[in-house]
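In this note's numbering, the protein residues as written are 43 to 216.
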Amino acid sequence: MDWNDAIFQVIDLRTFSNMWYWLAVAVTWSMVSHWILGVPFDMILRARRHGGQTAQDLDMMVAINVRRLLDINDIAGIWIMGFATFILSTLAMIGFYYGFEFAQGLFFLAVPLTIVGMISVRASRDFAADQPTGDALVRALIRLRFWIQSIAMLSIFLTAMYGMYHNLSHPVWF
């Protein structure tokens with residue numbers, strides 16, 4: 043065995059049978075579920091439990107992040123949507139038409155993240171219009187987290203099912 047074979051055994055270029063891909067999926071969805079509109083979930087729980095200054099801090103942080111997200115969306119939303127559509131279409135074509143497994147893995151990660159992004163922009167628009175504070179804001183953020191976690195669970199399930207199908211239909215024998 044030469045050093046090229048040793049390197050390519052350590053750095054496996056397959057996706058669905060690679061531990062690093064699944065670690066990246068877990069970390070990605072963990073981070074997305076923890077940061078709701080740029081606010082850490084522990085801050086939301088602390089505001090619900092203690093109220094007072096903590097709830098005011100939450101109100102302020104959500105207001106800042108909502109304005110920031112809406113400003114980005116108003117300035118570059120069309121360009122971001124066009125670029126995201128191009129990237130997703132490219133990943134789908136390279137992954138499923140040409141059979142490149144890494145592009146398939148990225149596609150299964152990018153599509154649900156795009157949906158979460160759209161839900162976050164929609165929630166930001168609702169928060170900007172309604173301007174909830176206190177308990178109403180906490181409930182709305184927890185509801186948004188529920189939907190993000192639901193998308194995450196469905197995404198992980200579908201990715202795992204497709205990954206098992208792919209690994210069984212394309213066996214690699216050492």
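Note that CB positions come from ideal geometry on N, CA and C, so glycine has one too.
If I follow the unbroken alpha helix (DSSP H) through residue i, where does it start and stop?
i	result
Leu210	Gly176 to Ser211
Ile157	Glu143 to Asp172
Leu79	From DSSP, Leu79 is part of no alpha helix (DSSP H); its letter is neither H nor E.
Ile114	Gly94 to Ala134
So, is residue i buried or exposed, given that buried needs 16 or more other C-beta atoms within 10 angstroms?
i	result
Pro154	buried
Ser162	buried
Tyr140	exposed
Thr201	buried
Measure the C-alpha to C-alpha separation of residue i and residue j and round it to an integer number of angstroms.
i	j	result
Phe199	Val67	11 Å
Phe83	Phe125	30 Å
Met195	Tyr204	14 Å
Thr132	Gly159	19 Å
Leu151	Gly80	20 Å
Gln173	Met102	11 Å
Ser166	Ile114	12 Å
Phe142	Ile136	6 Å
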